[in-house]
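Data first, discussion second: the structure below is written as structure tokens.
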Amino acid sequence: MAVVGAIFFSAKAIVAKLMYRYHVDAVMVLSLRMMLSLPMFAALAVWQARKSPPLAKRDYGRIIFLGLIGYYLSSFLDFLGLQYISAGLERLILFLTPSFVLLISFFFLKRRVTLLEWGALLVSYAGTALVLLHDLRSGSNVLLGSTLVLGAAISYGLYLIFSGELVRRVGAMRLVAYAMCVSSIACIVQFFILRAPSALLVPVEVYQLSLINAVFCTVLPVCLTMVAVARIGAPNAAQAGLVGPVSTLFLGAMLLDEPITMIQLIGTALVLSGIYMLSRKKV
2 MAVVGAIFFS AKAIVAKLMY RYHVDAVMVL SLRMMLSLPM FAALAVWQAR
52 KSPPLAKRDY GRIIFLGLIG YYLSSFLDFL GLQYISAGLE RLILFLTPSF
102 VLLISFFFLK RRVTLLEWGA LLVSYAGTAL VLLHDLRSGS NVLLGSTLVL
152 GAAISYGLYL IFSGELVRRV GAMRLVAYAM CVSSIACIVQ FFILRAPSAL
202 LVPVEVYQLS LINAVFCTVL PVCLTMVAVA RIGAPNAAQA GLVGPVSTLF
252 LGAMLLDEPI TMIQLIGTAL VLSGIYMLSR KKV
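If you read the sequence shown in our numbering, its first letter stands for residue 2, the second for the next number, and so on.
Written as structure tokens, this is what we have:
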């Protein structure tokens, strides 16, 4: 479940790239994804609410905040960045999220970082830098796209830090369902602020890809990952997720004709090695 969830979730970059071929932008890609996801997450939220105790009043504001930074802002920056960089590089940068959680905890929460963890960070960042330098040859906007996706990774890292206490009290599945509902509503409101309703008149292929994005790259992987965490624990589920960047690299080659070079393979191996070292660290 964890492996399939990681592959499906990583594939959202591939689907977004396919949608961009129909001359839609990041606002449209994200909005259609969340419009179609909202009914499913709303149903999940209702189911979780019926079988769980009521939320404390203070938790409502926290869930809204987490939904805005963890799924709305992070996803928006991610899809913006995907307009300029390859799906493989996007997945590598997003996969650095655990390292950003570590650095934020070190600088702002005074968490002690071991020599092994510093080594893991260096290995991961060296791999990403290698792929970034390789991709810079292919376009002038690669640095812009990489910066946007980096912002997405940092935003999601903040979500993980701020959600720690709430997850233990509310439950992971319930928190995700509520936060995704908040994010979906924010995306829909943003769309109608920035676009006229007539902008929804797009080719039917865009809606078909959006449905795939919503079901197979959003709702299904979230549920699979949560069930996997409940069965095998978060560390093992995180290690299974290492397949994500590799699957994106090969899916990009098959569906988008993105080349796979030796430098990309070496960089991906370095990133995965560093993140694996972090995931093995006992908290």
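Every residue gets a Cβ at the ideal spot worked out from N, C-alpha and C, and that includes glycine. Given the structure is predicted, the values throughout are model-derived calculations rather than measurements.
Inter-residue Cα distance where the pair is residue i and residue j
| i | j | result |
| --- | --- | --- |
| T226 | A241 | 10 Å |
| L256 | L210 | 13 Å |
| K58 | S185 | 22 Å |
| G172 | V4 | 22 Å |
| L273 | I64 | 31 Å |
| Y23 | G120 | 43 Å |
| S156 | G71 | 6 Å |
| I276 | M174 | 24 Å |
| R138 | F108 | 34 Å |
| R112 | V168 | 20 Å |
| M181 | A229 | 19 Å |
| L202 | V16 | 19 Å |
| L243 | F217 | 18 Å |
| V25 | L90 | 21 Å |
| Y208 | V114 | 46 Å |
| V190 | T219 | 19 Å |
| A43 | L271 | 39 Å |
| S248 | R92 | 10 Å |
| I194 | W48 | 31 Å |
| L149 | S75 | 9 Å |
| G268 | T129 | 6 Å |
| S199 | F192 | 11 Å |
CB of residue i within 8 Å of CB of residue j, strictly
| i | j | result |
| --- | --- | --- |
| L31 | G152 | no |
| P204 | G6 | no |
| G82 | G146 | yes |
| Y73 | A239 | no |
| M278 | L39 | no |
| Y160 | L103 | no |
| Y179 | A46 | yes |
| G253 | S100 | no |
| R51 | N214 | no |
| I94 | G158 | no |
Where residue i falls: helix, strand or coil (DSSP)
| i | result |
| --- | --- |
| N214 | helix |
| V284 | Unreliable positioning characterises V284 in this predicted model, as indicated by a pLDDT of 45, which lies under 50. The coordinate reading is nonetheless provided below. In the structure shown, V284 sits in coil (DSSP, three-state: anything other than H, G, I, E or B). |
| P198 | helix |
| E206 | helix |
| S164 | coil |
| R63 | helix |
| I261 | coil |
| R22 | coil |
| G253 | helix |
| G172 | coil |
| A187 | helix |
| G234 | coil |
| S11 | helix |
| S38 | helix |
| A229 | helix |
| M2 | coil |
| G242 | coil |
Problem - Any alpha helix (DSSP H) of 4 or more consecutive residues that is wholly inside the region 74-158 - result: 75-82, 88-95, 98-109, 116-136
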